[in-house]
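For reference, the structure discussed in these notes is given below.
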Amino acid sequence: MATTLNLSGPLDSDRSDLSDQSVSSRSSNRSLRVAENERRKNEAEDPFVLALKYFYDVKAGTPVVGNDEVERSLVQVEKVGYSKGLSPEAISTMLEFAMSLRMGPSLCPRVLKCLIPDTVVPQEAIVRAVVWLGVGKIPNGTQVLFLKWVLTIFDMIDAKDQLRAIYGFIFSFVTNENLSPFICHLLYLLTRKESVRVFRVRKLLELQSKLGRQPFLLHLLSLYKVFCPELVTLSIPSRMKSGFRNHNLPWKSALIAVQKRNGSQVASSISLALTTKDKTNSRKRKHGHLELPAMSSVVNKDAQVKPSSSRKLVPLVQLHSFAQLLENMHRIELPAQMGSLLSSSLALLYLDCVQDESALLRLNFWLGYALQEEFFFCGDGGAYQNSEEALQFLSKLLSTQHFLQEGFSSSEAFLYRFLNVWDGSLLRQEVLGLLSNIPVVPSSQIGQLLFEPLMQLFFTSSLFFKCGLMECLNNMLLKWLTWHSVYALEDDLEMSLNSHTSIIITLSGFNDTVMELVHFVGRLASVGLQLEGCHSLLLSFILDFYETVCDTFLKYGLPLVVMPPPGVFYPALFATDPVSLDRLAYIMYRYKVNLTSAKSQEKLTEQAFQISRQTFRQFNLYIVEMVNCLWNSKMFQPGMGVQLEEEVLLKSNVPQYWTRFDLIHHPAFMSYAVDFHLKCWPEKKDMDLNSIKHSKPWSWYLDYLFTQGYDGLQQFIQSSIRRQPSAGDGEGQSLSTSKS
Numbered sequence: 001m002a003t004t005l006n007l008s009g010p011l012d013s014d015r016s017d018l019s020d021q022s023v024s025s026r027s028s029n030r031s032l033r034v035a036e037n038e039r040r041k042n043e044a045e046d047p048f049v050l051a052l053k054y055f056y057d058v059k060a061g062t063p064v065v066g067n068d069e070v071e072r073s074l075v076q077v078e079k080v081g082y083s084k085g086l087s088p089e090a091i092s093t094m095l096e097f098a099m100s101l102r103m104g105p106s107l108c109p110r111v112l113k114c115l116i117p118d119t120v121v122p123q124e125a126i127v128r129a130v131v132w133l134g135v136g137k138i139p140n141g142t143q144v145l146f147l148k149w150v151l152t153i154f155d156m157i158d159a160k161d162q163l164r165a166i167y168g169f170i171f172s173f174v175t176n177e178n179l180s181p182f183i184c185h186l187l188y189l190l191t192r193k194e195s196v197r198v199f200r201v202r203k204l205l206e207l208q209s210k211l212g213r214q215p216f217l218l219h220l221l222s223l224y225k226v227f228c229p230e231l232v233t234l235s236i237p238s239r240m241k242s243g244f245r246n247h248n249l250p251w252k253s254a255l256i257a258v259q260k261r262n263g264s265q266v267a268s269s270i271s272l273a274l275t276t277k278d279k280t281n282s283r284k285r286k287h288g289h290l291e292l293p294a295m296s297s298v299v300n301k302d303a304q305v306k307p308s309s310s311r312k313l314v315p316l317v318q319l320h321s322f323a324q325l326l327e328n329m330h331r332i333e334l335p336a337q338m339g340s341l342l343s344s345s346l347a348l349l350y351l352d353c354v355q356d357e358s359a360l361l362r363l364n365f366w367l368g369y370a371l372q373e374e375f376f377f378c379g380d381g382g383a384y385q386n387s388e389e390a391l392q393f394l395s396k397l398l399s400t401q402h403f404l405q406e407g408f409s410s411s412e413a414f415l416y417r418f419l420n421v422w423d424g425s426l427l428r429q430e431v432l433g434l435l436s437n438i439p440v441v442p443s444s445q446i447g448q449l450l451f452e453p454l455m456q457l458f459f460t461s462s463l464f465f466k467c468g469l470m471e472c473l474n475n476m477l478l479k480w481l482t483w484h485s486v487y488a489l490e491d492d493l494e495m496s497l498n499s500h501t502s503i504i505i506t507l508s509g510f511n512d513t514v515m516e517l518v519h520f521v522g523r524l525a526s527v528g529l530q531l532e533g534c535h536s537l538l539l540s541f542i543l544d545f546y547e548t549v550c551d552t553f554l555k556y557g558l559p560l561v562v563m564p565p566p567g568v569f570y571p572a573l574f575a576t577d578p579v580s581l582d583r584l585a586y587i588m589y590r591y592k593v594n595l596t597s598a599k600s601q602e603k604l605t606e607q608a609f610q611i612s613r614q615t616f617r618q619f620n621l622y623i624v625e626m627v628n629c630l631w632n633s634k635m636f637q638p639g640m641g642v643q644l645e646e647e648v649l650l651k652s653n654v655p656q657y658w659t660r661f662d663l664i665h666h667p668a669f670m671s672y673a674v675d676f677h678l679k680c681w682p683e684k685k686d687m688d689l690n691s692i693k694h695s696k697p698w699s700w701y702l703d704y705l706f707t708q709g710y711d712g713l714q715q716f717i718q719s720s721i722r723r724q725p726s727a728g729d730g731e732g733q734s735l736s737t738s739k740s
């Protein structure tokens, strides 16, 4: 019995526990049922839910006039749409109601204007709406409004595969003159290589012959030519105006408000597509929507988890290492928003390695809107000059261009227009950085596109802008010369302007462009030094530029030698700081090396370029001037570049004025001469700097200068002056100047 009792105790306890659990479970289930019933009751009483139910169930032919219920329901939908945004199910219901014209065409525009998505837009709803376009009952204005809405929310569509499946049906509307600009824009976003067919190219060419060379047709044809160049024989202009406009005014403010209120990442991905001119003040732009969109796939989430075997494409967002990129290099699915490529190093590597021209076209299209709409009129909006968002956007664009070692054509076209309205101070560093990355501009166009606006900015801006522009032009020249040394063909006949386009430039055309740029900088530098009183900072940036110019032949293989103008040479020769004079000496030394090498090649080969006699004469004149000034103490002599009348020189009361700019008395080196004299003759009470000119002290003084780090001066003296000591005590010197 004891055993029985012991066994029965635990069994009774287990039954009690199971009973308690059953009661608890029933209580929990009852609570869930009560909560669910309460939720359904609230939904049934929600005016918005009732409004959606009304539009879902309304019968075709229901009258609009005098129908208070439809007005109340539509007001509820508008209220939620403009404040919170509509869910995917609500958008499907309302879009189907509007495009089916169940209550006639009068309500359709009003419904379309309130279709503000809170997250994503169902692809199926867009497909059904596009099919309704073929019925032929929708007014033209409503059709245009629908297409504008689709283009506005295109990047919020959860997938694109079904839209691409009806590509041919969408293409059939291209012949409608009212819809053609918007259909071409939509096709541009949907086109893949398999979409390009001969009959479609022929249809676009026929339409072009009827409507003229419309930008929207040319842009779609340019994309077709990228995928199938053998099918599109039409020559596409290298520089076209923006082919597609932003048509999103009815939804701009509402989308931005919903985006800020909900903090939706999907909405932020289209922020750059939502910029349009403000009606109240179109001249003042706000940089409020310049974040780079987050990278997301063009397919829905289910497709990302389990990629379809038929597509065999890997979304770029799923790749996290360079090894994965290499494994899937030819199976990449680009993201939904092309602007997100700028924020991904793997995406930039893909662009650089594969050189996908369709991706570059789309990225340029995105950048064109971002730059044009957000920055073009910002010169009038001084309140936005410190916009951190704009600064980060341009900095990211600059780092991307440096990574690719090439600029974007859209930023190039933007700069050509922006320079005409720029004040020179707004985001100066970033704008000049973009300017230094532009590709080679033909000499016939460079004056109008660059020189004229830059000249106006240069002469009306501060010293620091002048220095920044000189640095920018130097970087531009360096990139052009480096590009020439890398991409020039062996026969030196023609070169492709960059690795992504077929635009070519001849060697002579490139030479003309570089020569125009060097002459332009020479004119700016000459006048700029006069305006700024030969400021040493500006002179330093100018000498940076000519350090690049003096080595164009030997360092970059460009058969061109251009000498600095007198307005640059003489201010550097008479500079009060020794660094500028030392750099001028180095520049003249490199000019001599380049000219000597070019002259020797000219004698050895018949194909060597011919150097202008004027270049040799100018170089020799500069060498004689420097030697007479620094070494021979023969300033202001007849026949020299700088001459003053004898009467003026005598009235100056400067003793031995012809020696005032030699290496001892020159303002840049006098402090060194005094220091050397004190070290050499410390016991002398009266200082006589002319005593340094004796043979031995002179040699010691030169060695003393060279030990101070003036290597340019040392190279110039060793290459241009041959010293021949005379017999006797060595006080005299026999000098000869080496010319080219």
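With the numbering used here, the residue at position 630 of the sequence shown is 630, and numbering never jumps. The beta carbon of each residue, even a glycine, is placed where N, CA and C say it ideally should be.
So is R722 buried or exposed if we call it buried at 16+ other beta carbons inside 10 Å? If you number the sequence shown from 1, residue 722 lands on position 722. Classification of R722: exposed, given that the 10 Å Cβ count is below 16.
By Cβ distance, which residues of its chain are closer than 6 angstroms to Q429, with the 5 residues on each side in sequence left out? Indexing the sequence shown from 1 puts residue 429 at position 429. Same-chain partners within the cutoff: there are none.
Quick check on the DSSP output: the alpha helix (DSSP H) that includes C680 runs from which residue to which? As a first step, residue 680 is located in the sequence shown; it is residue number 680 there, counting from the start. Taken as a continuous stretch (DSSP letters only), the alpha helix (DSSP H) holding C680 covers M670 to C680.
May I have the straight-line CA-CA distance separating L539 from Q601, to the nearest angstrom? Mapped onto the sequence shown, residue 539 falls at position 539. Mapped onto the sequence shown, residue 601 falls at position 601. Rounded to whole angstroms, L539 to Q601 spans 33 angstroms at the Cα level.
Keeping to the same chain, check which residues put their C-beta closer than 7 angstroms to that of M515; ignore five residues upstream and five downstream. Position 515 of the sequence shown holds residue 515. Answer for M515: L560 and V562, listed in chain order.
In angstroms, rounded to a whole number, what distance separates the CA positions of S720 and Y589? Within the sequence shown, the letter at position 720 stands for residue 720. Within the sequence shown, the letter at position 589 stands for residue 589. Straight-line Cα distance between these residues: approximately 8 angstroms.
Distance, Cα to Cα, E389 vs L427? Counted from its first residue, the sequence shown places residue 389 at position 389. Counted from its first residue, the sequence shown places residue 427 at position 427. About 11 angstroms.
Considering only residues of the same chain and omitting the five flanking positions on each side of Y546, which have a CB-CB separation below 6 angstroms? Residue 546 sits at position 546 when you count from the first residue of the sequence shown. Closer than 6 angstroms at the Cβ level, and outside the excluded window around Y546, lie P564 and I587.
What three-state label does DSSP hand T93 in the structure shown? The count along the sequence shown starts at 1 and reaches residue 93 at position 93. It is helical.
Contacting residues, own chain, Cβ-Cβ under 6 angstroms from S443 (five flanking each side not counted): Position 443 of the sequence shown holds residue 443. Excluding residues within five positions, the ones whose Cβ falls inside 6 angstroms are D512, T513 and E516.
Should the segment 111-119 be called in touch with the segment 93-101, which here means at least 3 C-beta pairs below 8 angstroms? yes
Return helix, strand or coil for P315, following the three-state DSSP convention. Counting from one through the sequence shown, the residue named residue 315 turns up at place 315. DSSP places P315 in strand when its eight states are reduced to three.
Spatial neighbours of W366 in its chain, beta-carbon cut-off 6 angstroms, leaving aside the 5 residues before and after: Here residue 366 refers to the residue found at position 366 of the sequence shown. Cβ neighbours of W366 beyond the five flanking positions: M338 and G339.
For the segment 433-486, which segments carrying the alpha helix (DSSP H) assignment without a break, of at least 4 residues, lie completely within its bounds, in sequence order? 443-446 and 452-460
Roughly how far, in whole angstroms, is the beta-carbon of Q76 from the beta-carbon of A51, given that I think they are within contact range, below 8 angstroms? Stepping through the sequence shown from its first residue, residue 76 is reached at position 76. Stepping through the sequence shown from its first residue, residue 51 is reached at position 51. Sure, about 4 angstroms apart at Cβ, within 8 angstroms.
Beta-carbon proximity check, T400 vs L360, cutoff 8 angstroms: Working through the sequence shown from its first residue, we reach residue 400 at position 400. Working through the sequence shown from its first residue, we reach residue 360 at position 360. Their beta carbons are not under 8 angstroms apart, which means T400 does not touch L360 by this criterion.
According to DSSP, is V568 part of a helix, a strand, or is it coil? For this step, residue 568 is matched to residue 568 along the sequence shown. Helix.
G424, buried or exposed, once every other Cβ within 10 Å from all chains shown has been counted against 16: Within the sequence shown, the letter at position 424 stands for residue 424. Under this definition G424 is a buried residue.
Here's a check: name, in chain order, each residue in its chain whose Cβ is nearer than 7 angstroms to the Cβ of W698, leaving out the five neighbours to either side. One-based indexing of the sequence shown puts residue 698 at position 698. Same-chain partners within the cutoff: I692.
Going by other Cβ atoms of all chains shown within 10 Å of its Cβ, with 16 needed for buried, is S436 buried or exposed? The residue you call residue 436 lines up with position 436 of the sequence shown. By the 10 Å Cβ count, S436 comes out buried.
Per-residue burial, N474 [other beta carbons within 10 Å of its own, 16 or more giving buried]: The residue labelled residue 474 in the question sits at position 474 within the sequence shown. It counts as buried.
With C-beta atoms as the reference, is P105 less than 8 angstroms away from I138? Locating residue 105 in the sequence shown gives position 105, counting from the first residue. Locating residue 138 in the sequence shown gives position 138, counting from the first residue. Yes, the Cβ-Cβ distance between P105 and I138 is below 8 angstroms.
Here's the rule I'm using: 16 or more other beta-carbon atoms within 10 Å means buried, otherwise exposed. How should Q143 be labelled? Numbered from 1 along the sequence shown, position 143 holds the residue referred to as residue 143. With 16 or more Cβ atoms within 10 Å of its Cβ, Q143 is classed as buried.
Are three or more beta carbon pairs between the segment 667-687 and the segment 569-577 nearer than 8 angstroms? yes
Run through DSSP, which three-state label would E406 get? As a position in the sequence shown, residue 406 is number 406, starting the count at 1. Correct three-state label for E406: coil.
Do you know whose CA, among K592, Q614 and H677, lies nearest Q715's CA? Here residue 715 refers to the residue found at position 715 of the sequence shown. It is K592 whose Cα lies nearest to the Cα of Q715.
Any idea if C353 is buried or exposed, counting beta-carbon neighbours within 10 angstroms, 16 or more meaning buried? Looking up residue 353 in the sequence shown gives position 353. The residue in question, C353, is exposed, as its Cβ has fewer than 16 Cβ neighbours within 10 Å.
Cβ distance (whole Å) where F553 is taken to contact S508 below 8 angstroms: If you number the sequence shown from 1, residue 553 lands on position 553. If you number the sequence shown from 1, residue 508 lands on position 508. Contact flag wrong, Cβ pair sits at about 16 angstroms.
Fully enclosed by the segment 495-544, which alpha helix (DSSP H) runs are 4 residues long or longer? 507-531
Whose C-alpha, out of F393, A413 and L86, is nearest the C-alpha of V120? As a working note, residue 120 is residue 120 in the sequence shown. If we check each option's Cα against that of V120, L86 comes out closest.
Would you kindly report the start and end of the unbroken alpha helix (DSSP H) that includes L689? Taking the sequence shown and counting its residues from 1, the one referred to as residue 689 is at position 689. From DSSP, L689 is part of no alpha helix (DSSP H); its letter is neither H nor E.
What did DSSP end up calling V562 once you bin it into helix, strand or coil? Position 562 of the sequence shown, counting from 1, holds the residue named residue 562. Looking at V562 - three-state DSSP - the assignment turns out to be coil, as it is neither helix nor strand.
In the DSSP assignment, what residue or residues form a beta bridge with L86? For the purposes of this step, residue 86 is taken as residue 86 along the sequence shown, with counting starting at 1. P117.
Identify, in the order they occur along the chain, each residue of the same chain with its Cβ nearer than 7 angstroms to the Cβ of S282, setting aside the five sequence neighbours on each side. Position 282 of the sequence shown holds residue 282. Low local confidence applies: a pLDDT of 37 at S282 is under 50, so the model's placement there is unreliable, with the coordinate-based value given in what follows. Answer for S282: no residue qualifies.
Flag this pair as yes or no: are the beta carbons of D118 and N262 separated by less than 8 angstroms? The sequence position of residue 118 within the sequence shown is 118, counting from 1. The sequence position of residue 262 within the sequence shown is 262, counting from 1. For D118 and N262, yes; Cβs fall inside 8 angstroms.
Own chain partners of L391 with C-beta closer than 7 angstroms, once the 5 adjacent residues on each side are dropped: Within the sequence shown, the letter at position 391 stands for residue 391. Counting only Cβ-Cβ distances below 7 angstroms, and skipping sequence neighbours, we find L427 and E430.
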